[in-house]
Structure formats: C-alpha cells, structure tokens
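All remarks here apply to the structure that follows.
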Amino acid sequence: MDYPMFCYQCEQTAGGKGCTKVGVCGKTPEIAALQDLLVYQAKGISCYAKELIKKGEKINKEIVSFVENSLFTTLTNVNFDRDAHEKMLRKSQEIKQDLRSKVSSCEDCCEQAAYNLSDTLDGMLEDAKKAGIMYDQTLDPDIRSLRQTIIYGLKGISAYGHQARELGYYNDEVDEFYFKALAATCDDKLTVEDLITLTLKTGDMSVAVMQKLDEANTTVYKNPAPHKVNVHYKKGPFIIVSGHDLKDLEMILKQTEGKGINVYTHGEMIPCHGYPELNKYPHLVGNFGGAWQDQQKEFDNIPGCILMTTNCLMKPRDSYKDRIFTTSVVGWEGVKYIGKTETGEKDFSEIINKALELGGFEEDQEPKEILVGFGHHATLSNAPAIIDAVKSGKLRHFFLIGGCDGARPGRNYYTNFAKKVPKDCIILTLACGKYRFNKLNFGELEGLPRLLDVGQCNDAYSAVRIALALADAFDTDVNCLPLSIILSWYEQKAVADLLALLSLGVKGIYLGPSLPAFLSPNVLQYLVDTFDIKPISTPEKDLAACLEVPVK
Ligand code: SF4
C-alpha cells in the first residue's frame, strides 16, 4: 500500500523542504503515517482532557505520561518499530474513550476527539492520511507553521519531561500544558497572534521542564563537578550507553558491578561523568566515539554491546544488530527491546551476558582525557574569578556554542568558529554539537579552562542560570552581557531550547546550519524582527560581529 508522507520536523529534512518518499533518518512512510496518527490521537485525548481541566479536575499522571511518551516516540531518531506504534495507538483509543465518558458535553471538541481508531492496521494507515501535516491544503501557512512549531516544542519538552518523570519528578503546570497546547493546535478559532502567544508559552514551559529535570538530576545524582573523562577505550568486555537517560546508566552500572564489564558513555551521555553518584562507579571507564551520526561506522563489528536509552538511533547495520539493544521509548524492528519489570526496574542480564560473550577490546588504547562537569553549580563557584577577569579586561567575551550535531558538511562551521575564538574568550558548550570541538585543547584563561562543558541539551537551563547570574553581578540584562549564542539545531529538543531562550527574552541568537523548514516566511520574519535571530554565515563574519571588530 502507498502512504502519502510528509515530515519536516528536523534539520536534515529532504531538500530542506520535507521528506516525502522516505525519511532521511530512515523513517518509512508507514511509520510516518502511524506517527501522524499517534499525534492526532494525542490531540483528541487533549481536547477531552482540556475540558476536564477547565472543570478543575486533575488528569491522571498515567495519562500525562502516555501523552508525553507518545510525543517523545515521534521525535526524530527515536522509534521505528511498527508494533510499538500500533500498541500505543490502541492504548490511545482506550484513554480517549475513558476521558470521553467523563466529559458530558464537548461542543468545542475537535474532530480528533470524535475520531475512533480503526481495528485494523490497514484501517489506521488509511485514516492516517487525514492526520498528515499537509492534509488540509486550505490551511493558512502561518497557522500551520505556528501549530507545528508548538508541536515540535512539545516534543522536545516531552523528552525532558519523560527523563525527569523516570526519576520521580514532574511539574504540574507542564503536565497540564501538554493537553492545553495540543488542544489549541486543532482549534480553528485561534489566530496567528494567539498562536504566537502560545509559542512563547511553550518556551516558558520548556524552561520549567528543564528546571525540573535539573532538580531531578542534581538531587538524585548530586551537582556535577569538573571530572576528567578518558575518550579512548580499555581492554575488556564492555557496554556502551547512549541517549540521555541517567537512570538507565545507573541501573546498568549497578547490574554490571563486579562482573568485569567496562561501561562507556556515548554521545549525549558524556556529561554523566560529572555527576558524583554516577562517577563513583570505577567501571564507568570513559566515553566512546563521537556524536550520533557517526554510530553506524563506530559500532560496525564492535566486540561489545550498545544500549540506546533515547535518541538518536540510526538504522543498525547487520554487523552489530545482534548487540544493540533499545529501552524506554526507543525502538527498531528486529532489535531487542528491554522493558520495565513489574517493579519498574529493568533486567539487563541479556545485554550483560552478550557483552561477556563478545569479549570486548583486546588491548588498552593510550588514554586521552577531556574535562566535563561545568554545570551551573560548578561554573558559578568560579563566579568571583570570572567577574574579576571580565572587569580587568582579561576575559573579553563568552561564546555559548552548542546544540545538536548532524551529518551535513556545513556543520564544520561550528568547529571552525570554536577554533577561531580569541584566547581571551571562554567557550561554554552543551549537547552533542560539542563533539565538533570537545577533543581540541583550548588551554586556560585566568586558571579556568577555556572550554566549559555545561552538559546535555536540557542543560541549556544551566547555561541560562550562568548567564542570569552574570547579568545580575554586572547589574545588567542577559542581552547586554559580553555573551553570544551560536546554536546548532537538528531535532525537536533544540526547538524547545530555542523557544526557551526566546521566552526569556534572549536576542541575537545565531542559528544554523540551516533554518527550520517548518517556519513560514512570515513566522521567520516575526522571529527575526522580534528576537533578532540571525542565520549563521561564516565563522569569520559572525565572530567579528559578535566581538564588534572588523572581519579578519
Ligand atoms: S524526522 Fe527528519 S529526516 Fe526523519 S522523516 Fe522527518 S524530516 Fe525527514
């Protein structure tokens, strides 16, 4: 059967316009259709939930968690498994019917609320057509653009919300916002102005969820502190933990204790080495490889196992398909999935046994260490020295260079930019965009490393805390600080991060490597006019503009 496909939610979208035949990420038209329908169902659930919230009722947290996971499942490079989608769709109908039975009248409710899921997969795929982004050809392009921007912001929020919830933390306002915002994206009465307001509110909620996740991580695993990480491998059996989930890493570390297995972080997990309650395990030996887009090459024929806790999962090659495992919301057809037991724990014995069977690396590599662990707590403990250095003119400017990495050649911009940053400036970095330059030696400035690794993508919150504290110390606002933000985006968590920065009034952000295809010309113009968002040009030109000096 042929399924019409349209997806433009990430930076690598085909031709910079939209994936229509198959996703550049590997998403098939069938999975794309099921994901469209899952978001459609989440909107329907939200229409009823919003009615109940209006009456002062609380929505069961299991339903919140389901909607959160549904959004997260459809985020780029998370889930490519048809059965997992079908199961979630069937569950969505049960939830919707349950809420429908509690809402006596729902005059404002959208068609998504009234829809009943087909019993068959073919029926679902047929129905998915009307859930497609471009289904209503008459829809105003700015309305479509803003609705999709809100949905992509929500997907990013859902990833952070899911991670916090795994540790037992959540924010009630964010939980209700999922429903209010999803219902709003199918409300035809809302104008462009209403949706702009809601887009900025999505940014507020992004700040709130990142704050909650920071609280969860720093309470459970203590505040990150500077810590050296070996980025080369050691002899012996091993498990590589990829994604973002600290709890999954902790469970792997506990279950591998005393078994002679080395554990490596991968990609966005590298900041985990800064957390005292994680780096206390001596068999957390280092970080493996580069950013997500290198995985097919780096995992090829690897003599150990990999656990994908969240995105970014690429199509596993046959040479390692038998040794890569998924958990949580991640999935790929034919790849072993490890779910939770009845007690909420996970049994990783299969992956542990496989790692032992594979035997691991035969020799140690010469160690190479880099420094991580400069979250807001560690960085601000140096605040007096930083402030003195700025006041005395020894520290000229801060650059926050971060965000997602990706495969496009244009991303060399970020490496070249970091290399050209003058020696009297400090670079803060976060998320996997850091792999473009985090193994280079930037030296020190006034006793501080010139490259400070602030953490994962959600640690944009840490960067904001640092910026606000500095603004406070200099009795000014963030936009008047000697600080420039050079953002690289790829998937929807970066959309949530960007909306968070905009909602805080941060202006003049440099954004690349290309601008989101889902922004209509008018919406983009609004963002440029209001927030002075600048597309990246060349490192030389942008650096000179940031430092207000002539181009070299
Ligand atoms: S997630 Fe990105 S690459 Fe995948 S189908 Fe959508 S736009 Fe294309």
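Here our numbering is used: the first residue of the sequence shown is 12, the next is one more, and so on.
A virtual CB, placed ideally from N, CA and C, is assigned to each residue, including glycine.
Computed from a predicted structure; not experimentally measured.
Cβ distance (whole Å) where residue i is taken to contact residue j below 8 Å
i	j	result
residue 161	residue 213	5 Å
residue 381	residue 450	6 Å
residue 577	residue 441	What is shown of the chain runs 12 to 563, which leaves residue 577 out entirely.
residue 315	residue 369	6 Å
residue 240	residue 281	7 Å
residue 513	residue 500	The Cβ separation is near 13 Å, so there is no contact.
Of the residues the options, the one placed nearest residue i, counting alpha carbons only
i	options	result
residue 243	376, 174, 326 and 108	376
residue 199	187, 147 and 178	147
residue 275	258, 303, 287 and 245	245
residue 322	40, 39 and 80	80
residue 483	550, 391 and 512	391
residue 99	87, 399, 368 and 47	47
residue 515	536, 487, 499 and 479	479
residue 88	136, 132, 254 and 26	254
residue 533	85, 33, 204 and 71	204
residue 297	333, 303 and 378	378
residue 66	56, 84, 115 and 41	115
residue 444	293, 418 and 332	418
residue 53	555, 132, 151 and 166	166
residue 318	208, 563, 357 and 282	357
residue 180	50, 72 and 197	72
residue 289	302, 552, 306 and 261	261
residue 97	438, 49 and 355	49
residue 401	420, 481 and 349	481
residue 13	21, 34 and 44	44
residue 329	271, 311 and 316	311
residue 83	34, 273 and 164	164
residue 270	281, 293 and 283	293
residue 339	332, 333, 324 and 331	324
Whole-angstrom distance between residue j and residue i, CA atom to CA atom
i	j	result
residue 291	residue 264	10 Å
residue 118	residue 109	18 Å
residue 502	residue 159	13 Å
residue 485	residue 457	19 Å
residue 75	residue 507	18 Å
residue 309	residue 488	44 Å
residue 24	residue 470	26 Å
residue 355	residue 102	19 Å
residue 197	residue 51	9 Å
residue 238	residue 286	9 Å
residue 422	residue 106	42 Å
residue 335	residue 313	10 Å
residue 431	residue 129	57 Å
residue 416	residue 448	11 Å
residue 68	residue 86	29 Å
residue 498	residue 55	34 Å
residue 561	residue 424	19 Å
residue 135	residue 256	32 Å
residue 337	residue 206	36 Å
residue 436	residue 554	11 Å
residue 248	residue 303	22 Å
residue 153	residue 372	53 Å
residue 126	residue 283	43 Å
Cβ-based neighbour list, residue i, same chain, cut-off 8 Å, excluding 5 preceding and 5 following
i	result
residue 185	168, 172, 216, 219, 220 and 223
residue 360	266
residue 477	387, 390, 391, 439 and 465
residue 40	13, 14, 15, 16, 32 and 33
Neighbourhood of residue i by C-beta distance below 6 Å, restricted to the same chain and skipping five residues each side
i	result
residue 177	258
residue 58	120, 121, 124 and 194
residue 490	518
residue 70	60
residue 104	128
Residues of its chain near residue i, where Cβ-Cβ distance is below 7 Å and the 5 sequence neighbours each way are ignored
i	result
residue 29	17, 18, 19 and 528
residue 15	140 and 143
residue 188	216
residue 182	219, 220 and 223
residue 352	358
residue 157	203, 206, 207, 210 and 534
residue 511	214, 217, 218, 221 and 471
residue 474	411, 439, 441 and 465
residue 550	424, 427, 428 and 431
Inspect the CB distances between the stretch 486-498 and the stretch 399-414 and report whether three or more fall short of 8 Å.
Enough Cβ pairs lie closer than 8 Å, so yes.
Self-check item: Any 3 or more C-beta pairs closer than 8 Å across the stretch 507-524 and the stretch 453-463
Solution: Segment contact: the stretch 507-524 against the stretch 453-463, fewer than three CB-CB distances shorter than 8 Å; contact not assigned.
Okay, do the stretch 375-395 and the stretch 228-244 touch, 3+ Cβ pairs below 8 Å being the bar? Here the stretch 375-395 makes contact with the stretch 228-244; the two share three or more CB pairs at distances below 8 Å.
- Can you find at least 3 beta carbon pairs, one from the stretch 532-546 and one from the stretch 336-345, that sit closer than 8 Å? The stretch 532-546 is not in contact with the stretch 336-345.
* To do: Inspect the CB distances between the stretch 89-104 and the stretch 60-74 and report whether three or more fall short of 8 Å.
  => Segments in contact, no.
Touching by the beta-carbon criterion (3+ pairs, under 8 Å), the stretch 353-370 and the stretch 231-241 = In short, these stretches do not touch, since the Cβ pair count stays below three.
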